[in-house]
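J.: Residue numbers (the numbering used here), protein chains in the order written: chain A, 1 to 434; chain B, 435 to 868. Note that CB positions come from ideal geometry on N, CA and C, so glycine has one too.
There are 2 protein chains.
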Amino acid sequence: MAQGLNETHDPARRSFVESANAPDTDFSIQNLPFGVFKPEIGTPRVGVAIGDQIFDVSAAAKSFDGPAAELARDCGISYLNIPMQRGAAAFSALRLALSRLLSVEHGDRGLRKYLIPMASVQLVKPMTIPNFTDFYASVFHATNTGRAFRPDNPLLPNYKYVPVAYHGRASSVIVSGTPFKRPRGQRKGANEAVPSYGPSRNMDFELELGMYIDTPNKLGEPIPVAKAAEHIFGFCLLNDWSARDVQAWEYQPLGPFLGKNFATTVSPWVVTAEALAPFRIAAFARPSGDPAPLPHLSDAEDQAHGGLDITLEASILTEAMRRAGIAPQRLTQTNFSKVYWTVAQMIAHHTSNGCDLMRGDLIGSGTISGPEKSSWGSLLELTARGSEPIALPSGEKRGFIEDGDEIIFRGFAEKPGFARIGFGECRAIMLPAD
Amino acid sequence: MAQGLNETHDPARRSFVESANAPDTDFSIQNLPFGVFKPEIGTPRVGVAIGDQIFDVSAAAKSFDGPAAELARDCGISYLNIPMQRGAAAFSALRLALSRLLSVEHGDRGLRKYLIPMASVQLVKPMTIPNFTDFYASVFHATNTGRAFRPDNPLLPNYKYVPVAYHGRASSVIVSGTPFKRPRGQRKGANEAVPSYGPSRNMDFELELGMYIDTPNKLGEPIPVAKAAEHIFGFCLLNDWSARDVQAWEYQPLGPFLGKNFATTVSPWVVTAEALAPFRIAAFARPSGDPAPLPHLSDAEDQAHGGLDITLEASILTEAMRRAGIAPQRLTQTNFSKVYWTVAQMIAHHTSNGCDLMRGDLIGSGTISGPEKSSWGSLLELTARGSEPIALPSGEKRGFIEDGDEIIFRGFAEKPGFARIGFGECRAIMLPAD
Chain A
1 MAQGLNETHD PARRSFVESA NAPDTDFSIQ NLPFGVFKPE IGTPRVGVAI GDQIFDVSAA
61 AKSFDGPAAE LARDCGISYL NIPMQRGAAA FSALRLALSR LLSVEHGDRG LRKYLIPMAS
121 VQLVKPMTIP NFTDFYASVF HATNTGRAFR PDNPLLPNYK YVPVAYHGRA SSVIVSGTPF
181 KRPRGQRKGA NEAVPSYGPS RNMDFELELG MYIDTPNKLG EPIPVAKAAE HIFGFCLLND
241 WSARDVQAWE YQPLGPFLGK NFATTVSPWV VTAEALAPFR IAAFARPSGD PAPLPHLSDA
301 EDQAHGGLDI TLEASILTEA MRRAGIAPQR LTQTNFSKVY WTVAQMIAHH TSNGCDLMRG
361 DLIGSGTISG PEKSSWGSLL ELTARGSEPI ALPSGEKRGF IEDGDEIIFR GFAEKPGFAR
421 IGFGECRAIM LPAD
Chain B
435 MAQGLNETHD PARRSFVESA NAPDTDFSIQ NLPFGVFKPE IGTPRVGVAI GDQIFDVSAA
495 AKSFDGPAAE LARDCGISYL NIPMQRGAAA FSALRLALSR LLSVEHGDRG LRKYLIPMAS
555 VQLVKPMTIP NFTDFYASVF HATNTGRAFR PDNPLLPNYK YVPVAYHGRA SSVIVSGTPF
615 KRPRGQRKGA NEAVPSYGPS RNMDFELELG MYIDTPNKLG EPIPVAKAAE HIFGFCLLND
675 WSARDVQAWE YQPLGPFLGK NFATTVSPWV VTAEALAPFR IAAFARPSGD PAPLPHLSDA
735 EDQAHGGLDI TLEASILTEA MRRAGIAPQR LTQTNFSKVY WTVAQMIAHH TSNGCDLMRG
795 DLIGSGTISG PEKSSWGSLL ELTARGSEPI ALPSGEKRGF IEDGDEIIFR GFAEKPGFAR
855 IGFGECRAIM LPAD
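(1) Roughly how many whole angstroms lie between the Cα atoms of serine 375 of chain A and threonine 332 of chain A?
(2) Quick check: is the beta carbon of alanine 660 of chain B nearer than 8 Å to any beta carbon in chain A?
(3) Can you pull the chain B residues whose beta carbon is under 7 Å from the beta carbon of phenylalanine 262 of chain A, in chain order?
(4) Look up alanine 506 of chain B in the DSSP assignment and give the residues it is bridged to.
(5) Any idea if methionine 435 of chain B is buried or exposed, counting beta-carbon neighbours within 10 angstroms, 16 or more meaning buried?
(6) Is the Cβ-Cβ distance between aspartate 674 of chain B and methionine 518 of chain B less than 8 Å?
(7) Glycine 35 of chain A to leucine 80 of chain A, Cα distance in whole Å?
(8) Since serine 533 of chain B and leucine 439 of chain B should fall inside the 8 Å C-beta cutoff, what is the C-beta to C-beta distance between them, to a whole number of angstroms?
(9) I want to see whether chain A comes within less than 8 Å of arginine 936 of chain B, judged by CB atoms only; does it?
(10) Determine the burial state of alanine 663 of chain B: buried for a count of at least 16 other Cβ atoms within 10 Å of its Cβ, exposed for fewer.
(11) Thinking C-beta only, is proline 560 of chain B closer than 8 Å to alanine 604 of chain B?
(12) Measuring straight from C-alpha to C-alpha, what distance separates isoleucine 82 of chain A and lysine 772 of chain B?
(13) Cutting at 7 Å between CB atoms, please list the residues of its own chain near alanine 527 of chain B, excluding the five before and the five after it.
(14) Give the range of the alpha helix (DSSP H) segment to which glutamine 556 of chain B is assigned.
(15) Please compile the residues from chain B whose C-beta is within a distance smaller than 9 Å of the C-beta of phenylalanine 409 of chain A.
(16) For a cutoff of 8 Å on Cβ pairs, would you count glycine 611 of chain B as touching chain A?
(17) Alpha carbon to alpha carbon, how far is glutamate 304 of chain A from alanine 292 of chain A?
(18) Measure the alpha-carbon distance for lysine 547 of chain B versus glycine 485 of chain B and round it to whole angstroms.
(19) At a Cβ threshold of 8 Å, is glutamate 684 of chain B touching chain A?
(20) Thinking C-beta only, is glycine 354 of chain A closer than 8 Å to lysine 615 of chain B?
(21) Do arginine 618 of chain B and serine 15 of chain A have their beta-carbon atoms positioned less than 8 Å apart in this structure?
(22) Using a threshold of 8 Å, state whether the C-beta atoms of glycine 370 of chain A and phenylalanine 37 of chain A are closer than that.
(23) For lysine 181 of chain A, go through chain B and note every residue whose CB falls closer than 7 Å to its CB, in chain order.
(24) Considering serine 99 of chain A, what are the terminal residues of the alpha helix (DSSP H) in which it resides?
(25) Return yes when the Cβ of threonine 342 of chain A is within less than 8 Å of the Cβ of aspartate 302 of chain A, no when it is not.
(26) Using a C-beta to C-beta distance shorter than 9 Å, which residues of chain B count as neighbours of valine 343 of chain A?
(27) Report the residue from B:Glu830, B:Arg793 and B:Gly541 whose alpha carbon sits nearest the alpha carbon of isoleucine 760 of chain B.
(28) Just the Cα atoms here: how many angstroms apart are valine 628 of chain B and arginine 323 of chain A?
(29) Under 8 Å between C-beta atoms, does valine 680 of chain B make it to chain A?
(30) Below 8 Å on the Cβ atoms is my contact criterion, and I expect phenylalanine 412 of chain A with threonine 311 of chain A to pass it. Report the Cβ-Cβ distance as a whole number of Å.
(31) What is the residue span of the alpha helix (DSSP H) that asparagine 578 of chain B lies within?
(32) Report the rounded CA-to-CA distance for threonine 143 of chain A versus alanine 248 of chain A, giving the unit in angstroms.
(33) Skipping 5 residues on each side, what residues in its chain have a beta carbon closer than 6 Å to that of cysteine 670 of chain B?
(34) Measuring CB to CB, does leucine 536 of chain B end up less than 8 Å from isoleucine 463 of chain B?
(35) Answer yes or no: do glutamate 640 of chain B and serine 812 of chain B have a C-beta to C-beta separation smaller than 8 Å?
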């Protein structure tokens, strides 16, 4: 078997939970992502997605042995940070045990009582997030956005050396399905002499991948790029909602602040790094002429296998579309393998000055845009800052997000010879400002 | 009595703890700041500074009645977040009770057994800090720094409308007395064709005031400027250490990141907003010609009393000075009343888009520079980016901080007719890079 692959990746394995065997399910028996659900009775606790069901891991703890059993018992809590203390090996053991228990070969044998229909419960934020950092890892996005904010100088000289990032706001990270209000803020239109305070006029999404840290490093002790993967628990979808007019007026010289920190939406299921192992590919190939990464960001193994082939999509569903029963309209489809910096390079850079990462920290990739327009990850890019609105099947047009619009992200990894690994959805409706 | 003043501010009150009556003490009986100490026996817990002693509040809980007693019992924990849930009224009641109990009039009566010499214990970080935000509230600092980074364009057009801020790193906030290593990072000298990764060459301090939030707001619900003061628990000294060369290379377009997040030092004692009530003064008078703050940042009461007359100083003690027994050399003395934006304006701005503040959040003022060179709050400013080094009594010179240097902040409020309210020290030694 290829490096990092094990029995849990076997595409021949099927589950006695029939919905997990559908070719288009996000939650095949090879995926087994972790999340937190709020049951009808009892307190929120950690579960594992399987097809259209949630496996109640802590309730089933006596079905496991050794480290898997210890971890399963820890899953009776409302956030993943405590179970994550058990480490990657325990999660690997639990995934292997689940893969066997939920298989057709093992069969039900009383396990169905631990299955809860996903549609019947609320999924909550899976993690207590001590710190949120957002990168800027797509060179296509950086160039597109740079052009909008700085036409003469789109890509700054540091971009190809520095995996640029900023600190986001941890408090306002919310889970998929939570509506948020259009934020107010200071903005100054091109024809306005002075700024005013009011509802943002240029609301946007940013299509990103999020990563959660499991193993902390000590303050003052950088994580080498070759060790960075050992600190990543798993991945989610992340919408870095942006009030572009507020951002444009505020962002110099200290970066984005109120243009971003009113809300950041994450998907509820955390797809483990292990489940994504079959989809590791070579890192993004830098165009010839680009500088090589500095030595502390360079690792041959990371260059060979540090990319991740994950498809990401964003769709829109307006209020008029909902009323007319029209399906969401896809706005873009992109791929995480197009980012300029690998996940390991982001972690190594973040800690290269000794900054300490904490268990549960969330790291966003930055908007994932590919080279073609059909793969750009924000409306700022797709509509040329609102000037080229997108036509919708309802007859509406959208330059930016309007009140009542829902933005829906999906993500998945697919490859011949392997089962589909999906992320579920990351969606939210923007309500009007008060 | 003037607005906001009560019996605890009475300058005639003296303590049976003799050291609290010294005219130059930071911790008079009128101050009673809260902090967390690690006793020789038992777990870290909340205490109150009085002269050179710490009053062990939870151990003495039976000395109090009502809300003060409830709060005192909560103080047997290693961070202030839990006691802060009791609210400002409970802290006010406890301060009043302490003011009476520790007075000469009340006398010892068995209370001395709750006093622990401050020098005999370790003071730890007083708060679990969910989020750290750093403002840029001194127009003199913004102009000086802007000149260093952007000679043609020092003060950006948004400055007089937007209380500019960015998200800092909560994980790397450390308490006074904790050494930190000179960080490594990417930097590119003016004469270098490409950047390299290595120890920062331009290490600096930033002299700031920090504020802690006690009362959270809900996501989506801004805090009006007139209500902002009700969300502030108290104040500390804050050193926003800065690697200027790393910052200069990385900061565009998303702001400071690795140039700052290796360490931020806070003083251990949190001086309550109540203790500082006598030192409220008019907000900074905007020069004529400056725009008025937008309506959502304007409040007549805040303009009349939203300033705080707090003197802040930074000193340096090099290794050579320590060895030779030379006292620390003062580098600057400034005053918080010189900041362009009031604390209430910072809070109102921060939440004006609905961003939620959490209990224990730390908000830095940004470097507090006054108009004269003697009051500038960083070496970047004081030494013109290292080009005009400062002579020290040891015969050394300093353009930036060198290995083994200790930077020491002090802060205090003084006014005829009132007792001195001090902050204690915020100090740390920079160790060599690994």
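T.: Answer, in terms of the structure:
(1) 5 Å
(2) no
(3) Asn787, Gly788 and Cys789
(4) Partner(s): none; alanine 506 of chain B has no beta bridge.
(5) In this prediction, methionine 435 of chain B scores a pLDDT of 40, lower than 50, which makes its location untrustworthy; no coordinate-derived value is stated.
(6) no
(7) 8 Å
(8) About 13 Å; that fails the 8 Å criterion.
(9) Since the first and last residues shown for chain B are 435 and 868, residue 936 of chain B lies out of range.
(10) buried
(11) no
(12) 45 Å
(13) Gly500, Pro501 and Ala502
(14) Where glutamine 556 of chain B is concerned, there is no enclosing alpha helix (DSSP H), although the beta strand (DSSP E) it sits in stretches over 556-558.
(15) Correct list: empty, because the minimum Cβ distance to chain B is about 20 Å.
(16) no
(17) The question names glutamate, yet the displayed sequence has alanine at residue 304 of chain A. Alanine 304 of chain A and alanine 292 of chain A: Cα-Cα distance of roughly 14 Å.
(18) 15 Å
(19) yes
(20) yes
(21) no
(22) no
(23) Gly654 and Gly788
(24) 88-101
(25) yes
(26) Per Cβ cutoff of 9 Å: no residues; valine 343 of chain A is ~17 Å from chain B at best.
(27) B:Glu830
(28) 57 Å
(29) yes
(30) 6 Å
(31) 573-583
(32) 16 Å
(33) Gly644, Val700, Ser701 and Val704
(34) yes
(35) yes
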